[in-house]
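Residue numbers (my numbering): 146 to 462.
The following block contains the structure:
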């Protein structure tokens, strides 16, 4: 099999020369991994020694503020994209923890302000990736109304590059709120969430709920007054101190970490629904048999020779 992809087919599908050249570099023979800023190298385990490394192309291809979409290369630093969007009064769902756009999508981690920004998987409208055969593949569409068929963007989000090497994504953006204010209140998170309309973020430390209120100034002020009726409250400059490691847990366990015997490495662990922010990495978990079988079949279909990020496993977090 030739290491050169079918450039006629890829160009006819609207793929530009940058992605075609990237596909040629990947080829279709040896084991391969795309490296960015190495901020998430431990997620899912390390790649096998000797795996060839390369950086993905970078740069913002197109930003349409009116349509609230941005098309960006995978190697673009998340911070650079955030600065560009902020200059237009917009933001996106990518987490603000360093690294590249492609790396963030491959890991599938949500931003801390997930309630306001939306989940990353819902924000990835289109993905272009290099297949195990060295071809440029496009999944999804540049706008919500154009998306149909098999949902490749959501499948690639969180797959750690084991099903395809992400080269470019189109993301949904949303406006930066006029006012953002963090409030700490001595009340359970469910009461806070039921009191505030569309909070940007809700965190719980076992005693207090920390909530990000977003919107226009009069609405934010009204929400703060509503929270005061729930219990002792005060405005703060930001969220509470968070542990560097994100654990994935059932919501009941994440929101009550002190009562479930988790050794988080900190006296106080802060939780979001389904996520625990801890001082220590989450202990390895054995995925259930059904998930393992689904994962095996997917990798067999997308990467039958095992050349894409060998050694990494999306089911091991």
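The beta-carbon is built from N, C-alpha and C at its ideal position, and this holds for glycine as well.
Length of the line joining the Cα atoms of residue i and residue j
{"i": "residue 160", "j": "residue 432", "result": "37 Å"}
{"i": "residue 340", "j": "residue 352", "result": "18 Å"}
{"i": "residue 185", "j": "residue 243", "result": "10 Å"}
{"i": "residue 350", "j": "residue 415", "result": "4 Å"}
{"i": "residue 287", "j": "residue 299", "result": "14 Å"}
{"i": "residue 396", "j": "residue 335", "result": "12 Å"}
{"i": "residue 235", "j": "residue 367", "result": "24 Å"}
{"i": "residue 364", "j": "residue 461", "result": "42 Å"}
{"i": "residue 302", "j": "residue 437", "result": "18 Å"}
{"i": "residue 369", "j": "residue 338", "result": "13 Å"}
{"i": "residue 262", "j": "residue 233", "result": "16 Å"}
{"i": "residue 411", "j": "residue 385", "result": "13 Å"}
{"i": "residue 346", "j": "residue 333", "result": "14 Å"}
{"i": "residue 319", "j": "residue 239", "result": "12 Å"}
{"i": "residue 241", "j": "residue 425", "result": "20 Å"}
{"i": "residue 423", "j": "residue 277", "result": "36 Å"}
{"i": "residue 264", "j": "residue 362", "result": "25 Å"}
{"i": "residue 212", "j": "residue 182", "result": "30 Å"}
{"i": "residue 429", "j": "residue 164", "result": "36 Å"}
{"i": "residue 176", "j": "residue 284", "result": "23 Å"}
Secondary structure of residue i, DSSP reduced to three states
{"i": "residue 269", "result": "strand"}
{"i": "residue 254", "result": "coil"}
{"i": "residue 259", "result": "helix"}
{"i": "residue 335", "result": "helix"}
{"i": "residue 264", "result": "coil"}
{"i": "residue 442", "result": "helix"}
{"i": "residue 207", "result": "strand"}
{"i": "residue 455", "result": "coil"}
{"i": "residue 242", "result": "coil"}
{"i": "residue 298", "result": "helix"}
{"i": "residue 170", "result": "helix"}
{"i": "residue 460", "result": "coil"}
{"i": "residue 248", "result": "helix"}
{"i": "residue 164", "result": "helix"}
{"i": "residue 312", "result": "strand"}
{"i": "residue 324", "result": "strand"}
8 Å Cβ cutoff met for residue i and residue j
{"i": "residue 280", "j": "residue 168", "result": "yes"}
{"i": "residue 316", "j": "residue 237", "result": "yes"}
{"i": "residue 252", "j": "residue 188", "result": "yes"}
{"i": "residue 323", "j": "residue 383", "result": "no"}
{"i": "residue 344", "j": "residue 358", "result": "yes"}
Q) Between the region 380–394 and the region 224–231, are three or more C-beta pairs nearer than 8 Å? A) Contact fails between the region 380–394 and the region 224–231, because fewer than three Cβ pairs, one in each stretch, are under 8 Å apart.
Q. Do three or more CB pairs link the region 440–457 to the region 192–208 at distances below 8 Å?
A. Segments in contact, yes.
**Q.** Complete runs of the beta strand (DSSP E) confined to the region 346–409 [at least 3 residues]
**A.** Runs of the beta strand (DSSP E) spanning 3 or more residues and lying entirely within the region 346–409 occur at 346–349, 354–360, 378–381 and 390–393, in chain order.
Q) Taking contact to mean at least 3 C-beta pairs separated by less than 8 Å, is the region 299–315 in contact with the region 328–338? A) No, the region 299–315 is not in contact with the region 328–338.
Q. Does the count of Cβ pairs from the region 262–281 and the region 308–323 closer than 8 Å reach three?
A. Yes, the region 262–281 is in contact with the region 308–323.
Q.
Pairs of beta-carbons, one from the region 215–222 and one from the region 194–204, closer than 8 Å: are there three or more?
A. Enough Cβ pairs lie closer than 8 Å, so yes.
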